[in-house]
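In the working numbering, the protein residues as written are 40 to 660. C-beta: ideal position from N, C-alpha, C; glycine also. Note that the coordinates shown come from a computational prediction; the quantities given were computed from them, not determined experimentally. In what follows, a single structure is set out as structure tokens and then discussed.
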Amino acid sequence: MAEDKVERKVTVILATDVVGYSSKIEQNETQTLQTLKACREIIEGLIGEHQGRVFNTAGDSVLAEFPSAVEAVLCASEFQRTIKERNDSVDTEAEQMEFRAGINMGDVVIEGDNLYGEGVNVAARLEALAQSGGICISKNVHDIVYNKMNLSFTDLGEQQVKDTVVHAVDVSLDGTGQRKLPGTKKAQSSTRMAYLVAGLAIVALLVGGGVWWWQTGVGVEQTEGHEKVARDNLPIILVKPFKNLGSEDTSVSNAITESLISSLSRYKGISVLSSSTSFHILEAKMPDSEIADKFRVKHAIQGSVQSFGKNTRLTVELNDLSKSKVVWSDKVDFLLDDIFKVQDEIGNTILGQLQITAVGGQEEAKWMSQFETFEQYLLFLNYETEWSKYTKEGYENTLEILEKLKSLNTNKNVIDYVEAWIIHEGLFLGLSKEKDEDIKKLEDLTNSVVQNRGNERDYSVRALVEFTYLSKDCSVAKSYIPKSIDNSNIRHNLITAGYIYHACGDYDKSIPYLHEALRSAPVDKGYVASSMLVADLYNLGKTEEIKEFFGDKINNENMMGMILWVYASIELENGNTEKAKELFQRGKNNGARAKWIFGMLRNKEAAAKLTKSLESLGSLD
């Protein structure tokens, strides 16, 4: 039987979307939706007047087809002028809305009332190139319309947008100035993809006229034959949790948030706030001004995910918080299993918008290549979430996730890595039924991942297993640390490195790793890194640094009890007895006990000093 014939045609496509839509939704959802409705009525009316037809709407975008290139350009230009007049007439900025428009003529696939194919995709790419309040058209559209209407045009040359090279032309309207973009030759496409696949390490970051240079001379310490850089002067970026529009299920949007944070965290020229801090900011409903001030963040990335038909639409914005301005925004339509390609594409584009010069480093590409489908990756992220709870329930959930990963024929190295961490957690929580067998299995699993894959995650878990269960030799465990750190900024790896140096009594070497981990997660919900840092500083007699580090954070009602006890002793030394008593009691209420003092400090003299100090405040049991 003959296959169903694909129906095609050549037509003119108009694509529009709202500039800074995600930011507007976040600031005032009700007003934004009302304004969008009013503006959409304008454009849909104009499309009908110019013999066009709307064939798709999703979120803030409109896709329409026209039988005439002239009518499409006239419609878009009239729409932009009408919107400008409307913006000038309303009372508040919240009621204003700006659009970009792209127009292309090309081949499309007909599927019912909808249209797909290159003709539609190129129109969307041109829309992404357009200025705010402007129109960007393909050269084939320009060649038809340029002598048929009273408009002026600016040739932008060949431009690379995502994986497409298109010859773009600006339609010059009132309020949109002429511009000249650097031309992009087709041969450069493969170079761009090479950077994507290779991964990135940032050399320089230039943003908004200000310049951050790579600080090779700042906070550099030679440790065990490798370089440790404390990146105190690097720009800090926040990835806000993405929204799942039209659905209460946040698993996909959260996965995209986590994966983008993970990807950007690998670039050593920037510092990216951790997911725990990102979600804390969301829960606290912090305004941008407070975020910028409290976390020293200049740029924030945010966006949304929306499913429609066969596709998923990812909208991304890069915001300059200091100026309350959208620097760049884009949309990507993709099938869910193509999320890795999209993640790389978006990450690379963000770096490009920040004008980052990048050079090689392949660890990220190696890690992401372990997952064949988005379902596998989503399960892995769910495993990390459950594992980090360090509870019996979380442990049991990780076991279920492990079985699901196995059933999907996930890469063996991923399975071995996940299973190793789960076994470690079972031993740590006292849930292991066969301790000796589990330790032997840990040895086999970590040997396997180091030998067969050997990325930074593998060396990190091997270091922990070596120190905790196998030789318990500090020098052997520390030998794995350089390979677990040098090519990454993974927070957990930093904490593991800090823990090993801390437990081995190398407090001064532990501190830089813990500080680095806490740079990405100022909101340390588990207080694992914070407690070790406090212990290291106390062991070294650096009590003022403890006070400087915690500041108002000590008032967090869930603060770890042992940290409160250390802080109580500092207040007592400073003569603040009443404050010390308050902190001491809070510490007891939060679980602090005498038997934990040495376990936390790992220093007999410091533990004896702390015990003696606290005994004056009450019973330690």
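Between A115 and I174, the C-beta gap is smaller than 7 angstroms, which places the two residues in contact.
Taking a C-beta distance under 7 angstroms as the contact criterion, R625 and L603 qualify as a contact pair. Annotated as proximal: V184 and A108, with beta-carbon spacing under 7 angstroms. In this structure, the alpha-carbon of Q119 lies about 18 angstroms from that of S368. A distance below 7 angstroms separates the beta carbons of V344 and F281. Rounded to the nearest whole angstrom, the C-alpha separation of E166 and K517 is 52 angstroms.
DSSP places Y155 in the strand class (E or B) of the three-state scheme.
Taking C-alpha positions only, V365 is separated from L357 by approximately 6 angstroms. DSSP lists L357 as the beta-bridge partner residues of W367.
A distance below 7 angstroms separates the beta carbons of I534 and A556. In this structure, DSSP gives H89 a state outside helix and strand, which the three-state scheme calls coil. The C-beta distance from I149 to K48 rounds to 6 angstroms, short enough to meet the 8 angstroms contact threshold. The shortest C-alpha to C-alpha distance from L154 to any of A162, N143, E137 and F94 is the one to F94. F506 and A647 have their C-alpha atoms some 26 angstroms from each other. Taken through DSSP and simplified to helix, strand or coil, S177 comes out as strand.
For D547, the three-state secondary structure derived from DSSP is helix.
Counting the other Cβ atoms within 10 Å of the Cβ of N421 gives 16 or more, which makes it buried.
Spatial neighbours of A163 in its own chain (CB-CB distance under 6 angstroms, excluding positions within 5 residues in sequence) are listed in chain order as A54.
Setting aside the 5 residues that flank it on each side, L284 is surrounded in the same chain by G98, S343, V344 and Q345, each with a C-beta closer than 8 angstroms to its C-beta; the list follows chain order.
In the DSSP assignment, the residues bridged to E150 are N153.
Using a Cβ distance threshold of 7 angstroms, I81 and T121 count as a contacting pair.
Rounded to the nearest angstrom, the Cβ distance from V278 to I340 is 5 angstroms, consistent with a contact under 8 angstroms. DSSP, reduced to helix, strand and coil, places D130 outside both helices and strands of the structure shown, so it counts as coil. Straight-line measurement puts the Cα of L417 at about 17 angstroms from the Cα of E287. A distance below 7 angstroms between beta-carbons, with the five flanking residues on each side excluded, links K480 to the following residues of its chain, in chain order: I462.
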